[in-house]
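*Asks:* Take a look at the following structure, please.
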Amino acid sequence: MVDDELFMRLALKLARKGLGYTSPNPMVGAVIVKGGRIIAQGYHRGFGLAHAEIDALKHAQEDVYPERSRRIKGATLYVTLEPCRHYGKTPPCTDAIIKAKIARVVIGMLDPDPRMRGESVKLLHQKGIKTTVGVLESDCLALNEKYIKHRTSGIPYVTVKFAQTLDGRIAAADGSTTRISSPPSLKLAHQLRAAHDAILVGVSTVIKDNPQLTTRLVKGRNPLRVILDSTLRIPLSAKMLQNQDKAKTLIAATPRADKNKLAALKKMGIEVLTVPADKEGRIDLKKLLKALGERDITSLLVEGGAEVITSFLRLKLIDKLVVIIAPKILGKGTDSVGDLNITDLTKAYKLTFDKVYRSGEDIVVEGKRGEE
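Using my numbering, you'd call the opening residue of the sequence shown number 887 and step up by one each time.
The structure is reproduced here in structure tokens:
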């Protein structure tokens, strides 16, 4: 129905307001309608706070709008994701919907959480509440692709981001990496950080560039900073080891890490996660992703360097690629992507372009991993 899509689009718009705040929960928006008129609307504002349905019901029943409370009985609730039926940080939304005497619930998509998937719909049917599932489903799926990946696989949604020159260099021949992209693109990078639970770099990047990896240029929470450091080479003076009250840091190391350095880091309050090594003695990235997923890290932004980016691509661990292309040519320099052990063009890493747009003087290409 046209009206169903109209109100679901509004619910999706509301849901996006929770970007960067709701994880490990999904982003969800809700709209309550009766007689073709919107009674109330709400969204999930942050993890541990009221879910979208409860937020909307609360606004419909506030004392300042007494007429809304009377009119809510028999209304239609539009919600981008199947309402929860289990106790978590908050009570089940289905109980509140039933209690409010909502007559119909229009759902964008079913919840992929194994505890849920269709259970709320069954309960609503049992209580005589009409339900419609799948309105603008593809939009609802795209909205929560990170949540879906984590709930269905147990590992984070992985985005690889890097800035390069037009000829594919991320650093000059002398190793310098500063100011490849424009200021608007730097702000875009910080927006990406705020939209992910964690951000990852290799220790070589820390030693060379000494980055902060925070969201200081935009409004939003700082992601968990993850450093790949097999033997704990990180300097104790590194910026990423400071200000842990503002941005936490987790160092992933192998069992052969320096024990004295390990003790020094722990004394500083830095958590070191021991991860098995791969055949080359480096951190096993698949096992690291599994460990991060178990910590409810639903999304991971990989920022470099080139060796780390190449490793994630070679192991086919990425879900999305964001490449910022600056209008510059270097000639000699560090390639953005190294050897992927591909010698046949038909075996090339396949991507599906999702978006191409301008950012200041740069071009940004967003691609998703294609079918094998």
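Even glycine gets a Cβ: it sits at the ideal position worked out from N, Cα and C.
Taking the C-alpha atoms as reference points, what is the distance between residue 894 and residue 989?
*Replies:* Residue 894 and residue 989: Cα-Cα distance of roughly 17 angstroms.
*Asks:* Kindly list the residues whose CB is nearer than 8 angstroms to the CB of residue 1113, restricted to its own chain and excluding five residues on each side of it in sequence; keep chain order.
*Replies:* Closer than 8 angstroms at Cβ, skipping near neighbours: 1086, 1087, 1088, 1089, 1092, 1120, 1126, 1135, 1136, 1137, 1138.
*Asks:* Leaving out five residues on either side along the sequence, give the residues of the same chain with a beta carbon under 6 angstroms from the beta carbon of residue 1182.
*Replies:* Closer than 6 angstroms at Cβ, skipping near neighbours: 910.
*Asks:* For residue 1160, which option in 942, 1231, 1073, 1143 has the closest C-alpha, if you only look at C-alpha atoms?
*Replies:* Minimum Cα distance to residue 1160 is reached at 1143.
*Asks:* Quick one, are the C-beta atoms of residue 1206 and residue 1255 less than 9 angstroms apart?
*Replies:* It is a contact, given that the beta carbons lie within the stated cut-off.
*Asks:* Assuming residue 926 and residue 946 make a contact with CB atoms under 8 angstroms, what is their CB distance in whole Å?
*Replies:* Correct: roughly 4 angstroms between the Cβ atoms.
*Asks:* Can you give me the Cβ contacts of residue 937 inside the same chain, cut-off strictly under 7 angstroms, excluding the 5 residues immediately before and after it?
*Replies:* Taken in chain order, the residues that qualify are 914, 930, 970, 976, 979.
*Asks:* Look at the Cβ atom of residue 1073, then the Cβ atom of residue 1044, and state whether they are nearer than 9 angstroms.
*Replies:* No. Outside cutoff.
*Asks:* On the criterion of 16 or more Cβ atoms from any shown chain inside 10 Å, does residue 1248 qualify as buried, or is it exposed?
*Replies:* With 16 or more Cβ atoms within 10 Å of its Cβ, residue 1248 is classed as buried.
*Asks:* Counting only the same chain and skipping the five closest in sequence on each side, list residues whose C-beta sits under 8 angstroms from that of residue 1040.
*Replies:* 1176, 1179, 1180.
*Asks:* What is the DSSP secondary structure of residue 943, reduced to helix, strand or coil?
*Replies:* Helix, per DSSP.
*Asks:* If you draw a straight line from the C-alpha of residue 1203 to the C-alpha of residue 924, how long is it?
*Replies:* Whole-angstrom Cα-Cα distance: 43 angstroms.
*Asks:* State whether the segment 1047 to 1056 contacts the segment 1211 to 1221, with contact taken as three or more CB pairs (one from each stretch) at a distance under 8 angstroms.
*Replies:* At 8 angstroms Cβ cutoff, the stretches touch.
*Asks:* Measure the alpha-carbon distance for residue 1234 versus residue 1194 and round it to whole angstroms.
*Replies:* Answer to the nearest angstrom: the Cα atoms are 19 angstroms apart.
*Asks:* What number of angstroms, rounded off, separates the C-alpha of residue 1238 from the C-alpha of residue 1252?
*Replies:* Each residue's alpha carbon lies about 9 angstroms from the other.
*Asks:* Measure how close the beta-carbons of residue 1042 and residue 1185 come, nearest whole angstrom, since I'm counting them as under 8 angstroms.
*Replies:* With 8 angstroms as the limit, residue 1042 and residue 1185 qualify as a contact, their Cβ atoms being about 5 angstroms apart.
*Asks:* Going by other Cβ atoms of all chains shown within 10 Å of its Cβ, with 16 needed for buried, is residue 1228 buried or exposed?
*Replies:* Result: exposed.
*Asks:* Taking a contact to mean a Cβ-Cβ separation below 9 angstroms, would you say residue 983 touches residue 992 in this structure?
*Replies:* No, they are not a contact pair.
*Asks:* Which of the three DSSP states, helix, strand or coil, is assigned to residue 1219?
*Replies:* In the structure shown, residue 1219 sits in a strand (DSSP, three-state: E or B).
*Asks:* Does residue 941 pass the burial test, meaning 16 or more other C-beta atoms within 10 Å, or should it be called exposed?
*Replies:* Result: buried.
*Asks:* Residue 1244 lies in the beta strand (DSSP E); which residues open and close that run?
*Replies:* Taken as a continuous stretch (DSSP letters only), the beta strand (DSSP E) holding residue 1244 covers 1237 to 1245.
*Asks:* Please tell me whether residue 906 and residue 1107 are closer than 9 angstroms, where the distance is taken between their beta carbons.
*Replies:* Yes, the Cβ-Cβ distance between residue 906 and residue 1107 is below 9 angstroms.
*Asks:* I'd like the list of long-range same chain contacts for residue 1201, defined as Cβ closer than 8 angstroms, with 5 residues on each side in sequence excluded.
*Replies:* So the qualifying residues of the chain are 1171, 1172.
*Asks:* Using only alpha-carbon positions, find the residue among 912, 1116, 1188, 1022 that is nearest to residue 1048.
*Replies:* Per the Cα distances, 1188.
*Asks:* Compute the Euclidean distance between the alpha carbons of residue 1061 and residue 1166, then round it to the nearest angstrom.
*Replies:* Using only the alpha carbons, I get a separation of about 25 angstroms.
*Asks:* List the endpoints of the continuous alpha helix (DSSP H) containing residue 1198.
*Replies:* Counting along the chain, the alpha helix (DSSP H) containing residue 1198 begins and ends at 1192 to 1200.
*Asks:* Going by the CB atoms, is the gap between residue 1212 and residue 1066 shorter than 9 angstroms?
*Replies:* Taking 9 angstroms as the Cβ cut-off, residue 1066 and residue 1212 qualify as a contacting pair.
*Asks:* Confirm the yes/no value for this check: CB of residue 1069, any heavy atom of the ligand GTP, distance under 8 angstroms.
*Replies:* For the structure depicted, the ligand GTP is absent and the ligand set is empty, with no information on it obtainable.
*Asks:* Beta carbon of residue 1003, beta carbon of residue 996: below 9 angstroms?
*Replies:* Contact flag set, yes.
*Asks:* Grab the span of the alpha helix (DSSP H) containing residue 1033 for me, first residue to last.
*Replies:* Counting along the chain, the alpha helix (DSSP H) containing residue 1033 begins and ends at 1031 to 1039.
*Asks:* What do you get for residue 1034, buried or exposed, if any count of 16 or more other CB atoms within 10 angstroms of its CB means buried?
*Replies:* Its Cβ being crowded by 16 or more others within 10 Å, residue 1034 is buried.
*Asks:* Spatial neighbours of residue 1051 within its chain, please: CB distance less than 8 angstroms, with the 5 preceding and 5 following residues excluded, ordered by chain position.
*Replies:* Only 1066, 1211, 1212, 1214, 1215, 1216, 1219 meet the Cβ criterion.
*Asks:* From residue 950 to residue 935, what does the alpha carbon distance come to, in whole angstroms?
*Replies:* Confidence in residue 950 is poor, its pLDDT being 43 and thus under 50, which makes the residue's placement too unreliable to answer from.
*Asks:* Which of the three DSSP states, helix, strand or coil, is assigned to residue 1166?
*Replies:* It is coil, neither helix nor strand.
*Asks:* Strictly by DSSP, which residues pair up with residue 1253?
*Replies:* 1207, 1239, per the DSSP bridge assignment.
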